[in-house]
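Novice: Count along the sequence shown starting at 1, add 251, and that's the number in the numbering used here. For every residue, glycine included, the Cβ atom is placed at its ideal position computed from N, Cα and C. Because the structure is a prediction, the values reported are computed rather than measured. Dumping the structure here so I can ask a few things about it.
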Amino acid sequence: MLLALLCGMILALSHGTAFAQTSDDKRAKICAKAEKRYQKLFGKPSSSEDVTVVMMHKYTFCPPHVTVKQGSVVRFINVDKRTSHSVWFKQAGKKETERLFGEEKIEMTFDLPVGKYPYLCGPHWKEEGMIGTVTVTP
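Listed below in structure tokens is the structure:
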């Protein structure tokens with residue numbers, strides 16, 4: 252039984268289908284729940300806001316990757332009930348934000364040069380993999 256399981260894993264890995272699909276599926280489910288929570292809290296979809304919204308829920312940024320035009324505002328909002336999160340553009344040398352507790356938010360204007368900017372949650376990026384990117388376009 253163990254040998255069959257190992258053979259199946261090796262076969263999946265060799266075809267590039269191993270566990271990435273599960274991770275994407277899990278993220279999609281978490282982000283769907285985050286959106287429901289957002290709508291419950293604020294009475295409207297996050298997409299109806301006049302800024303780009305990134306929710307923090309269950310150790311996940313939702314959506315994990317956003318693209319915005321230079322000068323646009325991104326609102327990071329914690330929709331978890333009991334866990335605090337931060338936003339940290341560590342590679343860009345920026346200071347980590349204060350911890351955001353449930354329903355707290357921070358807005359950032361992206362007047363940076365065109366490019367891709369990775370960010371992370373200070374307390375949860377190593378063990379939970381809570382990371383994301385903002386891509387700035389002209």
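#1: Considering Lys367, what are the terminal residues of the beta strand (DSSP E) in which it resides?
#2: Would you mind sorting Ser337 into buried or exposed? The rule is 16 or more other CB atoms within 10 Å of its CB.
#3: Kindly indicate which three-state DSSP category Lys277 falls into: helix, strand or coil?
#4: Rounding to the nearest angstrom, what Cα-Cα distance links Tyr370 and Glu300 in this structure?
#5: May I ask whether a heavy atom of the ligand SAM can be found less than 7 Å away from the beta carbon of Glu349?
#6: Given that a residue counts as buried once 16 or more other Cβ atoms are within 10 Å of its Cβ, and exposed if not, what is Gly383?
#7: Give the DSSP-derived three-state secondary structure of Lys356 in the structure shown.
#8: Check for me: the beta strand (DSSP E) holding Lys320 runs from which residue to which?
#9: Measure the CB-CB distance between Pro330 and Val365 and report whether it falls below 8 Å.
#10: For Glu378, is the classification buried or exposed, using 16 other Cβ atoms within 10 angstroms of its Cβ as the cut-off for buried?
#11: In chain order, what residues of the same chain have a beta carbon less than 6 Å from the beta carbon of Gly373, not counting five sequence neighbours either side?
#12: Between which two residues does the alpha helix (DSSP H) containing Trp376 stretch?
Specialist: On the basis of the coordinates in this document:
#1: Lys367 -> beta strand (DSSP E) spans Gly366 to Leu371.
#2: If you draw a 10 Å sphere on the C-beta of Ser337, you find 16 or more other C-beta atoms in it, and that means buried.
#3: Helix, per DSSP.
#4: Between Tyr370 and Glu300, the alpha-carbon positions lie close to 22 Å from each other.
#5: Judged by which ligands are present, the structure shown has none, so any question about the ligand SAM falls away.
#6: Gly383 counts as buried, since no fewer than 16 other beta carbons sit within 10 angstroms of its beta carbon.
#7: Reduced to three states, the DSSP call for Lys356 is strand.
#8: Looking at the DSSP string, the run of the beta strand (DSSP E) that includes Lys320 is His316 to Lys320.
#9: The amino acid occupying residue 330 in the given sequence is Val; Pro does not appear at that position. Between Val330 and Val365, the CB-CB gap reaches or exceeds 8 Å.
#10: If you draw a 10 Å sphere on the C-beta of Glu378, you find fewer than 16 other C-beta atoms in it, and that means exposed.
#11: Cβ neighbours of Gly373 within its own chain (closer than 6 Å, five residues either side excluded): Ser337, Trp339 and Glu347.
#12: Element bounds for Trp376: Trp376 to Glu379.
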